[in-house]
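See below for the structure under consideration.
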Amino acid sequence: MTDIELWLALSLCKIPFKKIKERLEDRTFLEFLIKGFCDRNYIKLDEKVKSTINFAEKTNTELIPYISKKYPESLKHLNDPPVLLYCKGNVDLLKSEKIISIVGSRRATAYGKSQVIEFSKQLSSFGFTIVSGLARGIDEYAHRSCLEVGGKTIAVLGNGLDIFYPIENRELQIEISETGLLVSEYSFKESPTTYSFPQRNRIIAALSKGILVVEAEKKSGALLTASFSLDLGRDVFSLPGPVNSPKSFGTNTLIRNGAILVRSFEDILDEFGYKIVKENYKQEQLDILTPHEERVLSCLNSTSYTPFELISSKIEDLKPQDLILILTELTLKNKIEEFGGSYKIL
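Residues in the sequence shown are numbered from 1 upward in steps of one, following full-length UniProt numbering.
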């Protein structure tokens, strides 16, 4: 067995890391362990290892075992780090100095969507690699907004890289594999399960310097990811929300329990000790408005805030997600300001 074959076999057999952590370089022991765990299926395992390696080569997927120099040191802080990672895309992103995770509700509100788009764009523009889980809602918008400004993003999946889940994010998953990085500890053809998502969340937490929770209900995967981050000594940032919104119950509770309250991306930069340089947009870029931006501005006024829902009803041909992106651009250009999901002209 080559090193890759050995560690792939350990991964396919689902051998717990605690079983091997004391004898990582003892090949005889590791091979004995594989035979013991797989028992009569050992011959079939050999075929599975070879077919997996062949499929990885055909799909430009890189297999990174725990002993590889490419394996991120941050994951080794976990009690149960992945034995092997399946990676598709730019694996150098695993070594980025500035990485932050953004997570939140799958059923995001208009407020949550507008905020995650703004935070993701601004942090990406400042050079942060954005990590999230490619789920519906907050995760999806974190990835998309990062890519919108030419940023780098890592999507950690709870299934094999050849499976598109959720199916509506298929094109986004493909785009991330081409311009960012897809990561999973699950082999090809492994479908997501209720167990695989919590496992995925520990990787999201470990890869980053800190985590931003945008919206979270009382019981949510985002809060579990925040818990992993705390256990690892990472910073936990939380966005406050309306006290009567179930989607903000989790974020407000995190703040009450000691998470760092953030009002803007500058709060995150300050916590990390970065000097704030507001040069993401040149003045000529700030002054130029697209036709869609001009249409949206015409729906607003400078004396009172207009709710997102009302703006959307006035421009029915724009999808809500497209309207959110336009509102975020106008905010970044200092043309409007947002408060609680409503907007007015500056």
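Built from N, CA and C at the ideal position, the CB exists for glycine as well.
Runs of the alpha helix (DSSP H) spanning 4 or more residues and lying entirely within the stretch 89-155 occur at 110-125 and 138-148, in chain order.
DSSP places ILE345 in the uninterrupted beta strand (DSSP E) bounded by 342-345.
Boundaries of the alpha helix (DSSP H) around SER196: 196-207.
Relative to the Cα of ILE100, the nearest Cα in the group ASN169, SER304 and CYS146 belongs to CYS146. Counting only runs of at least 3 residues, the stretch 293-330 fully encloses no beta strand (DSSP E) element at all. Under the three-pair Cβ rule at 8 angstroms, the stretch 191-204 counts as touching the stretch 157-166. Proximity of the stretch 109-120 to the stretch 83-92 falls short of the contact definition, fewer than three beta-carbon pairs being nearer than 8 angstroms.
Taking a C-beta distance under 8 angstroms as the contact criterion, LEU63 and LEU8 qualify as a contact pair.
The Cβ atoms of ALA108 and GLY341 do not sit closer than 8 angstroms to each other.
Under the DSSP assignment, GLY210 falls outside any alpha helix (DSSP H), being part of the beta strand (DSSP E) whose first and last residues are 210-213.
Straight across, the Cα-Cα distance linking PRO320 with SER105 is about 17 angstroms. Between ILE211 and VAL243, the gap from beta carbon to beta carbon reaches 8 angstroms or more. Pairing SER184 with GLU97, the inter-Cα distance amounts to about 21 angstroms. Here PHE237 is bridged, per DSSP, to LEU212 and ILE260. Taking C-beta atoms as the reference points, VAL83 and ILE15 count as a pair closer than 8 angstroms.
ILE102 is positioned such that its CB atom lies no closer than 8 angstroms to that of SER125.
In this chain, SER248 is not harboured by any alpha helix (DSSP H), its DSSP state being neither H nor E. A straight-line Cα-Cα distance of about 10 angstroms links ILE163 and GLN173. In the structure shown, GLU57 adopts helical secondary structure according to DSSP, grouped into three states. Using a Cβ distance threshold of 8 angstroms, LEU239 and VAL262 count as a contacting pair.
The residue from GLU217, THR303 and PHE188 with its alpha-carbon nearest to that of GLU57 is PHE188. Taking each of SER229, THR129 and ILE4 in turn and checking the Cα distance to ILE176, the smallest one comes out for THR129.
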